[in-house]
Amino acid sequence: FLSSLSPAALVLTQMFHSMDPFWFYSFDASVGVVGWLSIGFAMLSDVMPAEYRAPSFGMFLGFFYIGYCLGPSLSLVMSHFHVCLTALACSLIGFLFVVLMLPETLPADVIERNQQQGQQRRRQQGGNKIRNCLNVMFQPLREVSILNRNLFLRLLGAGAFFSGIVFSADATMVLYYIENQLNVRDADLAKMFAYMGVAGVLLQACLTQYLVALFGEKGLLVISFLAGTFHNFFYGVARSKLLIYVALILAQVTKINFILIPSLASTHVNRFEQGRIQGAIFAVSAVANALGPELLQVVYRYTEKSFGPGTMFIFAAFTCLLGAAISSFLPKEVPHSDDEDSADVLEDTEALEEPLLSEAI
32 FLSSLSPAAL
42 VLTQMFHSMD
52 PFWFYSFDAS
62 VGVVGWLSIG
72 FAMLSDVMPA
82 EYRAPSFGMF
92 LGFFYIGYCL
102 GPSLSLVMSH
112 FHVCLTALAC
122 SLIGFLFVVL
132 MLPETLPADV
142 IERNQQQGQQ
152 RRRQQGGNKI
162 RNCLNVMFQP
172 LREVSILNRN
182 LFLRLLGAGA
192 FFSGIVFSAD
202 ATMVLYYIEN
212 QLNVRDADLA
222 KMFAYMGVAG
232 VLLQACLTQY
242 LVALFGEKGL
252 LVISFLAGTF
262 HNFFYGVARS
272 KLLIYVALIL
282 AQVTKINFIL
292 IPSLASTHVN
302 RFEQGRIQGA
312 IFAVSAVANA
322 LGPELLQVVY
332 RYTEKSFGPG
342 TMFIFAAFTC
352 LLGAAISSFL
362 PKEVPHSDDE
372 DSADVLEDTE
382 ALEEPLLSEA
392 I
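The sequence shown begins at 32 in my numbering and counts up one residue at a time.
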């Protein structure tokens, strides 16, 4: 529902030219209130065995990439108003599909446990308004603190942070950079997005399972960060559109870490915490997404004249190299949350707080 508000605002803005753009930016920002991707990963974690989570996450994102590659091409055959209208229609169809067709994935015992913990928590808080306000303010920090449980989750959280910095910086700055520096226009962008989408679908939906079987999730995570090192380096040194095409396709290998990090995290917590761990990973990524473009802007401002405008992407390449180094230190053996034998390495579930998704119950 929240995702449909921003295209609705765009449609209304083009219908009523006096409408303040503030509404579009406000609605667009509201999408971050509920992370649809983290909820999708949590739902898949509820129903998929640990060994199939990364491929299932890849399949999930593969369908996203189909729309991702088709979207920019719409501007070649439609006016801007009709593109916005199509985006609104797709968002509303998705909303109706989720409401009417998507089943609940939380097991009944998990739902009952979450409800009991919620009731117990409300009884403990009582009617103290100040305490209730403080609990609401510090709730996000308590939820994210699950990443501090052990070394594995701490390293994985750091990897998610570096990945988020590079992902957001690339997503927001690459297009402006290649348009200004390499004279890339709408037709070139549509072609680039098409290639990116095809590569993304092949990697995420078709090849992830085989790559995981070949390299393991940890090995593939290291490879994805190394791919980020190379594709950002290519952005920084590119003087032709051909190298940009190579970098954009290689960037799809980097984006595999977007599914590997949540998959690895899900194997290190029990089934009561799948929503919470996915929310924590995406919360760290959200902070990194906010910092990434600003950080590269600072690098650009201080290096544009002395080292060239592409230096900011060299910095992003170094950030990916740090992510690869951190990923290489992840422990090889990870206890799967679905295995009864791994219970001794997980905390007693009775002592844990309710998962992030239980707030909606």
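Glycine residues also receive a C-beta, built at the ideal position from the N, C-alpha and C atoms.
So, F41 versus C115, is the Cβ gap smaller than 8 Å? What you label residue 41 is simply residue 10 of the sequence shown in a count that begins at 1. What you label residue 115 is simply residue 84 of the sequence shown in a count that begins at 1. In the sequence as displayed, the identity of residue 41 is Leu instead of Phe. Taking 8 Å as the Cβ cut-off, L41 and C115 qualify as a contacting pair.
Going by DSSP, what residue range makes up the alpha helix (DSSP H) through T239? Residue numbering aside, residue 239 sits at position 208 when the sequence shown is read from its first letter. That run of the alpha helix (DSSP H) goes T239 to V268.
So the candidates are G323, R270 and F360; which of them puts its Cα closest to the Cα of T350? As a position in the sequence shown, residue 350 is number 319, starting the count at 1. That would be G323, whose Cα lies nearest to the Cα of T350.
Of the residues L123, S37, L238 and L295, the one placed nearest A81, counting alpha carbons only: Counting from one through the sequence shown, the residue named residue 81 turns up at place 50. That would be L295, whose Cα lies nearest to the Cα of A81.
Got a sec, what are the start and stop residues for the alpha helix (DSSP H) S176 sits in? Counting from one through the sequence shown, the residue named residue 176 turns up at place 145. Neither: S176 is in no alpha helix (DSSP H) and is coded neither H nor E.
In three-state DSSP terms, what is D51? Here residue 51 refers to the residue found at position 20 of the sequence shown. Note: D51 maps to coil in three-state DSSP.
Is A85 closer than 8 Å to V243 when the C-beta atoms are compared? Here residue 243 refers to the residue found at position 212 of the sequence shown. Here residue 85 refers to the residue found at position 54 of the sequence shown. Cβ distance < 8 Å, so V243 and A85 count as in contact.
Quick check on the burial criterion: 16 or more other C-beta atoms within 10 angstroms. Buried or exposed for D201? The residue labelled residue 201 in the question sits at position 170 within the sequence shown. Buried.
CB of I177 within 8 Å of CB of T239, strictly: One-based indexing of the sequence shown puts residue 177 at position 146. One-based indexing of the sequence shown puts residue 239 at position 208. It is not a contact, given that the beta carbons lie outside the stated cut-off.
Secondary structure, alpha helix (DSSP H): runs of 4+ residues fully inside the stretch 92 to 164: 105 to 108, 111 to 131 and 139 to 156
Between which residues of its own chain and L186 is the CB-CB distance below 8 Å, once the five residues before and five after are set aside? Against the sequence shown, residue 186 aligns to sequence position 155. Here the set comprises I357, S358, F360 and L361.
Rounded distance between the beta-carbons of P340 and F72, thought under 8 Å: Against the sequence shown, residue 72 aligns to sequence position 41. Against the sequence shown, residue 340 aligns to sequence position 309. F72 to P340, Cβ: 36 Å. No contact.
Do the stretch 167 to 174 and the stretch 248 to 268 meet, that is, are 3 or more Cβ pairs less than 8 Å apart? no
Y207 versus L105: straight-line alpha-carbon distance, rounded: As a working mapping, residue 207 is identified with position 176 in the sequence shown. As a working mapping, residue 105 is identified with position 74 in the sequence shown. Roughly 20 Å between the two C-alpha positions.
Whole angstroms is fine: what's the gap from N320's alpha carbon to Y96's? For this step, residue 320 is matched to residue 289 along the sequence shown. For this step, residue 96 is matched to residue 65 along the sequence shown. The alpha-carbon atoms of N320 and Y96 are separated by roughly 19 Å.
To the nearest angstrom, report how far apart G306 and H111 are at their CA atoms. Indexing the sequence shown from 1 puts residue 306 at position 275. Indexing the sequence shown from 1 puts residue 111 at position 80. If you take the alpha carbons of G306 and H111, they lie about 37 Å apart.
V65 (DSSP reduced to helix, strand or coil): Mapped onto the sequence shown, residue 65 falls at position 34. If DSSP states are grouped into helix, strand and coil, V65 belongs with coil.
Beta-carbon separation of A258 and V284 under 8 Å? Working through the sequence shown from its first residue, we reach residue 258 at position 227. Working through the sequence shown from its first residue, we reach residue 284 at position 253. The answer is yes: Cβ separation under 8 Å.
Which same chain residues end up closer than 8 Å to D379 when comparing Cβ atoms and leaving out the 5 residues on each side of it in sequence? Start at 1 with the first residue of the sequence shown, and residue 379 comes out as number 348. Residue confidence for D379 is low, a pLDDT of 37 falling below 50, so the modelled location carries little weight; the figure read from the coordinates is stated next. If we look at D379 and ignore the five residues flanking it on each side, it has no Cβ neighbours.
Below 8 Å on the Cβ atoms is my contact criterion, and I expect F256 with A355 to pass it. Report the Cβ-Cβ distance as a whole number of Å. Along the sequence shown, read from residue 1 onward, the residue named residue 256 stands at position 225. Along the sequence shown, read from residue 1 onward, the residue named residue 355 stands at position 324. At roughly 4 Å, the Cβ-Cβ gap stays under 8 Å, so F256 and A355 are in contact.
Grouping DSSP H, G and I as helix and E and B as strand, with all else coil, what is K286? Looking up residue 286 in the sequence shown gives position 255. Coil.
Quick one: Cα of V300 to Cα of P134, how far? Position 269 of the sequence shown, counted from the first residue, corresponds to residue 300. Position 103 of the sequence shown, counted from the first residue, corresponds to residue 134. In a straight line, the C-alpha of V300 is about 23 Å away from that of P134.
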